[in-house]
Amino acid sequence: MIKIKNPYSRHRLSLKEKINSKFTDFIVPYINKVPLDDNWKRKSKYIPKVLESARISVKGWEREKNSTSEIPEDIDLELLSVYVAEYIPIENVDQLNKGLKKLVRKYPLRFQPSRIESIDEFCNAVKKSIHGGRWSNFGYIDLTKEEKISDFVKDIHIQGTHLSSSSIVLQFVLNPSDKFISEYKKLIERDIKEGHSFNLSWKNLFKFWGGSSLSYDIVKNQMVEDLIIELKWRSMKEISKFFPLYFTNNRLIPPSIEVYNLNQSFCNIKDVKNGKRSSFWDSIGMGKIFSDISEDGYWQLFAEGRKPYLIDNSVKITCNSALQHKPYYHSQKRQIIVALKEFADLLLPIMVMREYAIYTSTKIAIQQNETFSSIKKERPKYQKLINIRYELERNLQILKRFKNEIDENYFIEVKSQIKSLIGFKPSFPRFKNGISTTERLVDNTNYIVNKTYDYSQHFAKMIDDTVQLLEIKTNNSLRSRSFWLSIITVILSIAATIFAGLSLFYQLNNDNQRKIINIFGPITDLFQYFYR
Numbered sequence: 026m027i028k029i030k031n032p033y034s035r036h037r038l039s040l041k042e043k044i045n046s047k048f049t050d051f052i053v054p055y056i057n058k059v060p061l062d063d064n065w066k067r068k069s070k071y072i073p074k075v076l077e078s079a080r081i082s083v084k085g086w087e088r089e090k091n092s093t094s095e096i097p098e099d100i101d102l103e104l105l106s107v108y109v110a111e112y113i114p115i116e117n118v119d120q121l122n123k124g125l126k127k128l129v130r131k132y133p134l135r136f137q138p139s140r141i142e143s144i145d146e147f148c149n150a151v152k153k154s155i156h157g158g159r160w161s162n163f164g165y166i167d168l169t170k171e172e173k174i175s176d177f178v179k180d181i182h183i184q185g186t187h188l189s190s191s192s193i194v195l196q197f198v199l200n201p202s203d204k205f206i207s208e209y210k211k212l213i214e215r216d217i218k219e220g221h222s223f224n225l226s227w228k229n230l231f232k233f234w235g236g237s238s239l240s241y242d243i244v245k246n247q248m249v250e251d252l253i254i255e256l257k258w259r260s261m262k263e264i265s266k267f268f269p270l271y272f273t274n275n276r277l278i279p280p281s282i283e284v285y286n287l288n289q290s291f292c293n294i295k296d297v298k299n300g301k302r303s304s305f306w307d308s309i310g311m312g313k314i315f316s317d318i319s320e321d322g323y324w325q326l327f328a329e330g331r332k333p334y335l336i337d338n339s340v341k342i343t344c345n346s347a348l349q350h351k352p353y354y355h356s357q358k359r360q361i362i363v364a365l366k367e368f369a370d371l372l373l374p375i376m377v378m379r380e381y382a383i384y385t386s387t388k389i390a391i392q393q394n395e396t397f398s399s400i401k402k403e404r405p406k407y408q409k410l411i412n413i414r415y416e417l418e419r420n421l422q423i424l425k426r427f428k429n430e431i432d433e434n435y436f437i438e439v440k441s442q443i444k445s446l447i448g449f450k451p452s453f454p455r456f457k458n459g460i461s462t463t464e465r466l467v468d469n470t471n472y473i474v475n476k477t478y479d480y481s482q483h484f485a486k487m488i489d490d491t492v493q494l495l496e497i498k499t500n501n502s503l504r505s506r507s508f509w510l511s512i513i514t515v516i517l518s519i520a521a522t523i524f525a526g527l528s529l530f531y532q533l534n535n536d537n538q539r540k541i542i543n544i545f546g547p548i549t550d551l552f553q554y555f556y557r
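Each step along the sequence shown adds one to the number in this note's numbering, with nothing skipped, and position 446 is 471.
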């Protein structure tokens, strides 16, 4: 069994939720032994009330098992590959050149030609151009002999594109290992009955345990998601040892496209035995409502996005095994993977921009709360606002590149090419106003980039205006202080002069003192004349 170690899945639950889950798993077998009568009341008054309510909760959980997420008998679903995208800013192109060549040299794939020249040509072209470029092929790496990752992936095909003048997108096509595919297949075939737990609190520990629950479909969907995230995390973690990957280095899950081979049409699903409703497709993230289907009926796309209980940004695509096998491919699986290459080339850069824009909008929201809290105080901290403004500008660097270097025509062109390539249409047009999921994804990315950029500029101006007001207030305060300091300085100077004069006067002999008094005598008489 594959152990989940990636930080994203491990932090899916809070510490309290993990403790509650462990406690529930331990205590439920004992709770089931608490006797209840026909009215769901404790049979003995010596049984604590809290155990009675816990027993009723557990009995209620058991009544919810009227559906199954087990795979239907006439369906076979196989994971073929995972397309993963990463972002590289142009300032890291030299590190990319050096690290990528080192990577392909360390893990060469047998019978595959070296692509060192392609790497040099790509990186040199990027540095000399302010325009985007086509995709370049950097070859394959073989990871079957790498102990830490060989249980997850066999080999990885690496490609890259110069998205805009200062942005590079890399594409990694992961070929999962036989062990990973086996574990994944076992999981999606299972009927998961987990997700309930008590909600303990010190205040009500001996009164009422409460409870929280997720549907079995969501729990299985999370488990399936965790396996895919683990595959991506381990693969990208190994590659990031050679050159920096933006999403991986910033502890973000890189966007991806999962490719599956399906041996039965999506619509030919029958109710399972024993009268239970089948929730298989929902439990693996392939719900019918959030899907597109191709005009020829072979391809289907699912993009549920981040529901409240999901954390990955992944698109799933299935291809029906009824697809005619072309003889120049050694297998139908290979044909499916290659057929999706052009589609992935179009959609993955869109997903990269969307992922970064969402990440940036989250950080701006956090900084906004910090700013408002600081401004609300009677004496806002000038330095704290300056630090927030600096951090905001750092976070907006890449977003500004997307905004300024990629225009509206790019998004229109991507939608047009995807439509002509596969011709996806919504499976349920009445739920989505006839707009396909792929079109909605492209439009949503364009909207998020523009909206986040516009709001960030408004937020930055607000900080700048606040800082400017603080500077005016500080300058006025300094002027007032300078004025009074000048007066005090003059008074102190006069006092010091008088003190020095008196000290010198009393050091003179009597004759000299009389001479000085005689000198100032007329002045003294004049004052006496006017003020008597």
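We put the beta carbon where it would ideally sit given N, CA and C, even for glycine.
Cβ-Cβ distance between residue i and residue j below 9 angstroms
i: residue 385; j: residue 319; result: no
i: residue 272; j: residue 380; result: yes
i: residue 327; j: residue 94; result: no
i: residue 255; j: residue 177; result: yes
i: residue 92; j: residue 302; result: yes
i: residue 478; j: residue 425; result: yes
i: residue 100; j: residue 288; result: yes
i: residue 38; j: residue 361; result: no
i: residue 387; j: residue 491; result: no
i: residue 253; j: residue 220; result: no
i: residue 179; j: residue 169; result: yes
i: residue 59; j: residue 230; result: no
i: residue 277; j: residue 44; result: no
i: residue 484; j: residue 393; result: yes
i: residue 474; j: residue 427; result: yes
i: residue 147; j: residue 182; result: no
i: residue 222; j: residue 48; result: yes
i: residue 191; j: residue 464; result: no
i: residue 280; j: residue 439; result: no
i: residue 512; j: residue 410; result: no
i: residue 160; j: residue 432; result: no
i: residue 375; j: residue 112; result: no
Segment limits, alpha helix (DSSP H) that includes residue i
i: residue 129; result: 118-131
i: residue 335; result: It is not in any alpha helix (DSSP H) - residue 335 carries neither H nor E in the DSSP assignment.
i: residue 32; result: 32-35
i: residue 217; result: From DSSP, residue 217 is part of no alpha helix (DSSP H); its letter is neither H nor E.
i: residue 155; result: That residue, residue 155, is in no alpha helix (DSSP H); it is neither H nor E in DSSP.
i: residue 262; result: 241-264
i: residue 307; result: 305-308
i: residue 40; result: 40-56
Outcome for residue i when other beta-carbon atoms lying within 10 angstroms are tallied against a minimum of 16
i: residue 329; result: buried
i: residue 514; result: exposed
i: residue 282; result: buried
i: residue 561; result: One cannot answer for residue 561 here, as it falls past the ends of the chain, which runs 26 to 557.
i: residue 85; result: exposed
i: residue 26; result: exposed
i: residue 209; result: buried
i: residue 110; result: buried
i: residue 421; result: buried
i: residue 79; result: buried
i: residue 293; result: Below a pLDDT of 50, predicted positions are generally treated as unreliable, and residue 293, at 47, falls in that range; the measurement from the model is reported next regardless. So residue 293 counts as exposed.
i: residue 245; result: buried
i: residue 518; result: exposed
i: residue 627; result: Since the first and last residues shown for the chain are 26 and 557, residue 627 lies out of range.
i: residue 324; result: buried
i: residue 543; result: exposed
i: residue 247; result: buried
Residue range of the beta strand (DSSP E) that includes residue i
i: residue 278; result: Segment: none, residue 278 is in no beta strand (DSSP E) and carries neither H nor E.
i: residue 317; result: 316-318
i: residue 326; result: 324-327
i: residue 151; result: Element bounds for residue 151: not the beta strand (DSSP E) but the alpha helix (DSSP H), 141-152.
i: residue 558; result: Outside the displayed range of the chain (26 to 557) lies residue 558, so it cannot be described from this structure.
i: residue 165; result: 160-167
i: residue 201; result: 192-201
i: residue 179; result: 178-189
9 angstroms Cβ cutoff, residue i in contact with chain D
i: residue 349; result: This model lacks chain D altogether; it includes just one protein chain.
### Task
Could you say if the segment 208-220 and the segment 121-141 meet the contact criterion of at least three C-beta pairs nearer than 8 angstroms?
no
### Message
Would you call the segment 342-351 in contact with the segment 159-167, where contact means no fewer than 3 C-beta pairs closer than 8 angstroms?
### Response
no
### Message
Between the segment 234-244 and the segment 185-200, can you find at least three pairs of beta-carbon atoms closer than 8 angstroms?
### Response
no
### Message
Quick check for students: name the residue ranges of the alpha helix (DSSP H) that lie wholly in the segment 355-439, counting only runs of 4 or more.
### Response
357-364, 366-401 and 407-430
### Task
Evaluate the contact criterion for the segment 120-134 versus the segment 332-339: three or more CB pairs, one atom per stretch, below 8 angstroms.
Below 8 angstroms, too few C-beta pairs join the segment 120-134 and the segment 332-339 to call them touching: fewer than three.
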